[in-house]
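Trainee: In the numbering used here, the protein residues as written are 82 to 332. Glycine residues also receive a C-beta, built at the ideal position from the N, C-alpha and C atoms.
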């Protein structure tokens, strides 16, 4: 074997098999710790953790993760499918979220998610944000902002006539704002007087569900809504699910 042939053979041996295969990243491995047998690179693992940990991610809240996710959504869809979850991307609003997979034959798969329920004040605020977002969208405005004082006044305006503990109601209204900040639906520091509404609100509360909640709130104001129906109305599950709003990671 000549020197040239030897060099050529060694060079070829240094090139990983399938280096030009577009599907190579599906099986590539980068060891990040002792005993690591994972198949994702560090940025991809960060995306998967964000998807599992957060109710949703957006291009605004997680710009690096969003870029990595949209570069190859199939990769993350596959990983979530292994956990009985499905990945949903809203390219227009730049929102990504997960939902429990539904068996073709009916029934339920094991799940990492659990349902939570919004309080009455949180439900009112969700409806308010969704309505404001919809109005701005119709007007051609791409971003929606709300003032803290407007939020508090709106919640007060829907206080039932029988509610006489105004101090407690006020505290619940403030907590509702804090809850939606933590949920990522209000963008801004907790002490801010003005917030941006996350585009995810349109995914979390689709139009048909918004109409259901508006009817419930009107019935509640008239004293016609039972506690049971109210609980059902504000129970939260995965984004875009039929029974309403947001899923969370189980503890």
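If you compare alpha carbons, which of 222, 258 and 217 is closest to residue 234?
Mentor: Stepping through the chain shown from its first residue, residue 234 is reached at position 153. Closest option to residue 234, Cα to Cα, is 258.
Trainee: Quick check for students: name the residue ranges of the alpha helix (DSSP H) that lie wholly in the stretch 150–220, counting only runs of 4 or more.
Mentor: 154–162 and 201–219, all fully within the stretch 150–220.
Trainee: Since residue 201 contacts residue 229 with CB under 8 Å, what's their CB separation in whole angstroms?
Mentor: Mapped onto the chain shown, residue 201 falls at position 120. Mapped onto the chain shown, residue 229 falls at position 148. At roughly 19 Å, the Cβ-Cβ gap does not stay under 8 Å, so residue 201 and residue 229 are not in contact.
Trainee: Quick check on the burial criterion: 16 or more other C-beta atoms within 10 angstroms. Buried or exposed for residue 244?
Mentor: Here the question's residue 244 lines up with position 163 in the chain shown. Exposed.
Trainee: Less than 8 Å between the CB atoms is what I'm expecting for residue 168 and residue 191, so what's the real figure, rounded?
Mentor: As a working note, residue 168 is residue 87 in the chain shown. As a working note, residue 191 is residue 110 in the chain shown. That pair is no contact at about 18 Å.
Trainee: Using 10 angstroms around the beta-carbon of residue 143, count the other beta-carbons present and answer buried if the total reaches 16, otherwise exposed.
Mentor: Stepping through the chain shown from its first residue, residue 143 is reached at position 62. Classification for residue 143: buried.
Trainee: Using DSSP's beta-bridge definition, name the partner residues of residue 126.
Mentor: Translated into positions along the chain shown, residue 126 becomes position 45. Residue 126 is not bridged to any residue.
Trainee: Whose CA, out of 215, 176 and 240, lies closest to the CA of residue 288?
Mentor: Along the chain shown, read from residue 1 onward, the residue named residue 288 stands at position 207. Out of 215, 176 and 240, 215 has the C-alpha closest to the C-alpha of residue 288.
Trainee: Quick check on this structure: which residue in 159, 286 and 133 has the alpha carbon closest to the alpha carbon of residue 203?
Mentor: What you label residue 203 is simply residue 122 of the chain shown in a count that begins at 1. Among 159, 286 and 133, the Cα nearest to that of residue 203 belongs to 286.
Trainee: With three or more C-beta pairs closer than 8 Å as the rule, is the stretch 169–185 touching the stretch 131–145?
Mentor: Enough Cβ pairs lie closer than 8 Å, so yes.
Trainee: Between the Cα of residue 290 and those of 212, 248 and 271, spot the shortest distance and give me the residue it belongs to.
Mentor: As a first step, residue 290 must be located in the chain shown, where it is residue number 209. The shortest Cα separation from residue 290 among 212, 248 and 271 belongs to 212.
Trainee: Alpha carbon to alpha carbon, what distance is there between residue 242 and residue 333?
Mentor: Residue 333 lies beyond the stretch modelled for the chain, which goes from 82 to 332, so this question has no answer here.
Trainee: Between the beta-carbon of residue 199 and the beta-carbon of residue 207, is there less than 8 Å?
Mentor: Translated into positions along the chain shown, residue 199 becomes position 118. Translated into positions along the chain shown, residue 207 becomes position 126. Against a cut-off of 8 Å, the Cβ pair of residue 207 and residue 199 comes out as a contact.
Trainee: For residue 239 and residue 116, what's the separation of their Cα atoms in angstroms?
Mentor: Indexing the chain shown from 1 puts residue 239 at position 158. Indexing the chain shown from 1 puts residue 116 at position 35. For residue 239 and residue 116, the distance between alpha carbons rounds to 57 Å.
Trainee: How many angstroms separate the CA atom of residue 295 from the CA atom of residue 266?
Mentor: Within the chain shown, residue 295 is the residue found at index 214, counting from 1. Within the chain shown, residue 266 is the residue found at index 185, counting from 1. Taking the straight line from one Cα to the other gives about 19 Å.
Trainee: Cα-Cα, which of 118, 205, 159 and 225 is closest to residue 255?
Mentor: By one-based count along the chain shown, residue 255 stands at place 174. Nearest of 118, 205, 159 and 225 to residue 255, Cα basis: 205.
Trainee: Helix, strand or coil, according to DSSP, for residue 111 in the structure here?
Mentor: Position 30 of the chain shown, counting from 1, holds the residue named residue 111. In this structure, residue 111 counts as coil in the three-state DSSP scheme.
Trainee: Quick one: what does DSSP say residue 275 is sitting in, helix, strand or coil?
Mentor: In the chain shown, residue 275 corresponds to position 194, counting from 1. In the structure shown, residue 275 sits in a strand (DSSP, three-state: E or B).
Trainee: Kindly indicate which three-state DSSP category residue 228 falls into: helix, strand or coil?
Mentor: Start at 1 with the first residue of the chain shown, and residue 228 comes out as number 147. Strand at residue 228.
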